[in-house]
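Residues 2 to 369 (the numbering used here) are what the sequence shown spells out, left to right.
Ideal placement from N, C-alpha and C gives every residue a C-beta, glycine not left out.
Values in this document were obtained by computation on a predicted structure and should not be read as measured data.
Let me begin by presenting the structure, written as structure tokens, before commenting on it.
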Amino acid sequence: MANSAQTQELVYLVTGGCGFLGEHVVRMLLQREPRLRELRIFDLHLGPWLEELKTGPVQVTAIQGDVTQAHEVAAAVAGAHVVIHTAGLVDVFGKTSPETIHEVNVQGTQNVIEACVQTGTRFLIYTSSMEVVGPNIKGQPFYRGNENTPYEAVHRHPYPCSKALAERLVLEANGREVLGGLPLVTCALRPTGIYGEGHQIMKDFYHQGLRLGGRLFRAIPASVEHGRVYVGNVAWMHVLVARELEHRAALMGGQVYFCYDNSPYKSYEDFNMEFLGPCGLRLVGTRPLMPYWLLVLLAALNTLLQWLLRPLLLYAPLLNPYTLAVANTTFTVSTDKARRHFGYEPLFSWEESRTRTIRWVRTAEGSA
Ligand SMILES: NC(=O)c1ccc[n+]([C@@H]2O[C@H](COP(=O)([O-])OP(=O)(O)OC[C@H]3O[C@@H](n4cnc5c(N)ncnc54)[C@H](O)[C@@H]3O)[C@@H](O)[C@H]2O)c1
Ligand SMILES: C[C@@H](CO)CCC[C@@H](C)[C@H]1CC[C@H]2[C@@H]3[C@H](O)C=C4C[C@@H](O)CC[C@]4(C)[C@H]3CC[C@]12C
Numbered sequence: 002m003a004n005s006a007q008t009q010e011l012v013y014l015v016t017g018g019c020g021f022l023g024e025h026v027v028r029m030l031l032q033r034e035p036r037l038r039e040l041r042i043f044d045l046h047l048g049p050w051l052e053e054l055k056t057g058p059v060q061v062t063a064i065q066g067d068v069t070q071a072h073e074v075a076a077a078v079a080g081a082h083v084v085i086h087t088a089g090l091v092d093v094f095g096k097t098s099p100e101t102i103h104e105v106n107v108q109g110t111q112n113v114i115e116a117c118v119q120t121g122t123r124f125l126i127y128t129s130s131m132e133v134v135g136p137n138i139k140g141q142p143f144y145r146g147n148e149n150t151p152y153e154a155v156h157r158h159p160y161p162c163s164k165a166l167a168e169r170l171v172l173e174a175n176g177r178e179v180l181g182g183l184p185l186v187t188c189a190l191r192p193t194g195i196y197g198e199g200h201q202i203m204k205d206f207y208h209q210g211l212r213l214g215g216r217l218f219r220a221i222p223a224s225v226e227h228g229r230v231y232v233g234n235v236a237w238m239h240v241l242v243a244r245e246l247e248h249r250a251a252l253m254g255g256q257v258y259f260c261y262d263n264s265p266y267k268s269y270e271d272f273n274m275e276f277l278g279p280c281g282l283r284l285v286g287t288r289p290l291m292p293y294w295l296l297v298l299l300a301a302l303n304t305l306l307q308w309l310l311r312p313l314l315l316y317a318p319l320l321n322p323y324t325l326a327v328a329n330t331t332f333t334v335s336t337d338k339a340r341r342h343f344g345y346e347p348l349f350s351w352e353e354s355r356t357r358t359i360r361w362v363r364t365a366e367g368s369a
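What follows is the structure, given as structure tokens:
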């Protein structure tokens with residue numbers, strides 16, 4: 002918890018503070034931002050775990066609200082020094098309509114920006130995504146690229162489209178005058194695939210493996226590298242950016258940063274096995290067990306089934322043409338921009354990130 006001997010003067014707002022990443026950001030802020038006086042957590046669904054945070058030296062204010070409602074956002078932002086906007090609809094499985102994804106991710110972000118401008122909040126950090134860049138619809142590899150690597154970022158899927166639009170809004174808002182006459186300072190963080198405690202898809206794979214008698218079947222070639230980053234390090238990057246944005250506004254304002262750490266470069270499935278293996282699962286096959294064309298066919302069939310069944314039930318399997326393309330296209334980052342601009346070093350080593358994640362998967366065992 003914050004050291005109360007230091008001056009506690011700052012008010013932070015975390016939107017989406019009850020999500021997978023948001024909870025880690027919230028806990029990290031309470032542990033590592035000693036200047037915090039009040040932490041506001043704004044989310045559509047508030048978690049019961051928030052109660053335990055309310056006994057510490059920092060005032061924790063839970064706000065149940067919707068980013069698509071401009072007046073709710075403005076009320077939450079008023080008086081905050083820093084906004085970390087991590088709320089978003091993460092849906093690549095067709096659970097929600099494209100319109101809703103746009104409304105939450107794009108209009109919601111616009112509401113956050115306008116709230117900052119109207120109420121005089123100067124520092125805004127946006128949780129963007131690697132998907133703003135790629136993989137693109139052509140399936141071109143992005144091999145250990147950085148923030149300046151040329152890449153044709155073309156999207157069709159509603160989720161990456163919405164993240165790209167929202168990121169652009171945030172970056173273009175940098176320098177806008179906020180109430181009181183000072184400029185807004187914004188920047189965007191682009192995590193690759195986040196893993197760690199609370200990662201729902203990891204749990205889904207784990208339970209799928211248990212149902213299949215402790216086995217998972219390789220579908221993606223081991224040579225396809227998929228970027229992954231530990232949630233604690235992503236949270237730490239948010240905390241650092243929030244702290245440094247004021248002092249390095251000229252350097253950091255309007256910038257994007259990939260989120261990275263020392264997690265190894267592996268395929269999506271091989272990487273998951275770093276955690277699922279020690280929990281008793283086995284990945285069968287050194288090569289994909291099915292030909293790629295069959296996976297493409299199955300993915301297309303899933304889309305058709307989703308459409309046919311929609312009037313009756315929500316059918317949203319992990320495999321669809323989009324998730325197959327993302328999993329099957331190399332996309333990894335190698336950069337030190339965050340270190341150069343704001344002194345970021347990963348807080349958690351790969352070994353620690355791995356241990357913590359394995360421990361979490363094991364405890365998640367009972368919740369099948
Ligand atoms: N999970 C990843 O691998 C990953 C990778 C890159 C970027 N991101 C980004 O990180 C952010 C957090 O993702 P996550 O994985 O923690 O997702 P999540 O779904 O666990 O968390 C999102 C949170 O936003 C809240 N939310 C959704 N709609 C809202 C609304 N209308 N108003 C207020 N709150 C709302 C949800 O209730 C949830 O608590 C997202 O912006 C996502 O695009 C995630
Ligand atoms: C073909 C299957 C065989 O096992 C594997 C399907 C895996 C997919 C469900 C996931 C592969 C890559 C994931 C995405 C990636 O890690 C990055 C993302 C960015 C972020 O902003 C949101 C989540 C996601 C799109 C993530 C979603 C799940 C995958 C597509």
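CYS260 is bridged by DSSP to PRO192. In this chain, GLU39 is not harboured by any alpha helix (DSSP H); it is covered by the beta strand (DSSP E) spanning 37-44.
A residue is called buried when at least 16 other Cβ atoms come within 10 angstroms of its Cβ; SER98 does not meet this threshold and is exposed. For ARG145, the uninterrupted beta strand (DSSP E) run begins and ends at 143-146, by DSSP.
For the set LYS55, LEU315, ARG33 and GLY121, the Cα lying nearest the Cα of ALA76 is the one of GLY121.
Contact between TYR207 and LEU319 fails: their C-beta atoms lie close to 13 Å from each other, not under 8 Å. Counting C-beta pairs with one atom in each stretch, the stretch 123-131 and the stretch 51-60 have fewer than three that are closer than 8 Å, which means they do not touch. Contact check for THR87 against GLY20 passes: the beta carbons are separated by less than 8 Å. Going by beta carbons, VAL257 and ALA189 fall inside the 8 Å limit. Cα atoms of ASN175 and VAL105: separation of roughly 21 Å, rounded to the nearest angstrom. ARG38 places its beta carbon less than 8 Å from that of LEU11. Beta-bridge partners of TYR316 (DSSP): none assigned. If you draw a straight line from the Cα of PRO151 to the Cα of LYS139, it is about 15 Å long. Membership of THR16 in the beta strand (DSSP E) is indicated by the continuous run 11-16.
In the structure shown, THR69 adopts coil according to DSSP, grouped into three states. Taken in chain order, the whole beta strand (DSSP E) runs of length 3 or more contained in the stretch 274-310 are 283-285. Distance from the C-beta of PRO192 to the nearest heavy atom of ligand 1 is below 7 Å. The Cβ atoms of PHE332 and MET131 sit closer than 8 Å to each other. Taking LYS96 as the centre and dropping the five residues before and after it, the same chain places the C-beta of LEU315 and ALA317 closer than 8 Å to its C-beta, in chain order.
By the criterion of a C-beta distance shorter than 6 Å, LEU166 is surrounded in its chain by VAL107, once the five residues flanking it on both sides are discounted. The alpha-carbon separation between LEU348 and LEU295 amounts to approximately 42 Å.
No Cβ-Cβ contact shorter than 8 Å links HIS239 with ALA328. Relative to the non-hydrogen atoms of ligand 2, the Cβ of LEU319 comes within a distance shorter than 7 Å of at least one. In the DSSP assignment, ALA63 is bridged to ILE42. A residue is called buried once 16 or more other Cβ atoms fall within 10 Å of its Cβ, and ALA301, having fewer, is exposed.
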